[in-house]
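In what follows, a single structure is set out as structure tokens and then discussed.
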């Protein structure tokens, strides 16, 4: 069973790393999932992720009190606005824009209602 948790953790970590550069793919939820999986499969990878200079503090903030740092909130907001503007520039159908606006607004609501880390 450890191998399943390890593979899940590696996949989640990969998605989280991709999310660093792709605006609509969230980073922290995938890192939290990777941490969860590594806690059940690899003490070394679990400790590495928790002590990582960039990702470790985000994970600790969330684990401690469900907090998101203000800089991460601003970065998420900016990337969401950029993605929506790109959709506008490319002339995406109105129906898709409405769905995108609703979903992205819900994401922003969630992000901005979390405590500051």
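Numbering (full-length UniProt numbering), first residue to last: 1 to 117.
The C-beta atom is built at its ideal place from N, Cα and C for all residues, glycine as well.
Grab me the residues of residue i's own chain with a C-beta within less than 7 angstroms of its C-beta, minus the 5 sequence neighbours each way, in chain order.
i, result
"residue 107", "80"
"residue 73", "111, 112"
"residue 39", "46"
"residue 15", "25, 30"
"residue 55", "31, 49"
Where DSSP assigns a beta bridge to residue i, which residues make up the other side?
i, result
"residue 116", "68"
Once you ignore the five residues that flank residue i on each side, which residues in its own chain have a CB closer than 6 angstroms to its CB?
i, result
"residue 27", "16, 19, 20"
"residue 13", "34"
Pick out whichever of the options has its Cα sitting closest to the Cα of residue i.
i, options, result
"residue 102", "34, 84, 10, 9", "84"
"residue 109", "93, 90, 57, 76", "76"
"residue 33", "44, 90, 8", "8"
Taking all protein chains shown into account, do 16 or more other C-beta atoms lie within 10 angstroms of the C-beta of residue i, making it buried, or fewer, making it exposed?
i, result
"residue 22", "exposed"
"residue 1", "exposed"
"residue 51", "exposed"
"residue 41", "buried"
"residue 78", "exposed"
Beta-carbon within less than 8 angstroms of residue i's beta-carbon, same chain only, minus the 5 sequence neighbours each way: which residues are those?
i, result
"residue 96", "87"
"residue 67", "61, 114, 115, 116, 117"
"residue 69", "57, 58, 61, 116, 117"
Residue ranges of each alpha helix (DSSP H) run of no fewer than 4 residues wholly in the segment 25 to 66, ordered along the chain?
-> 28 to 39, 43 to 51, 55 to 65
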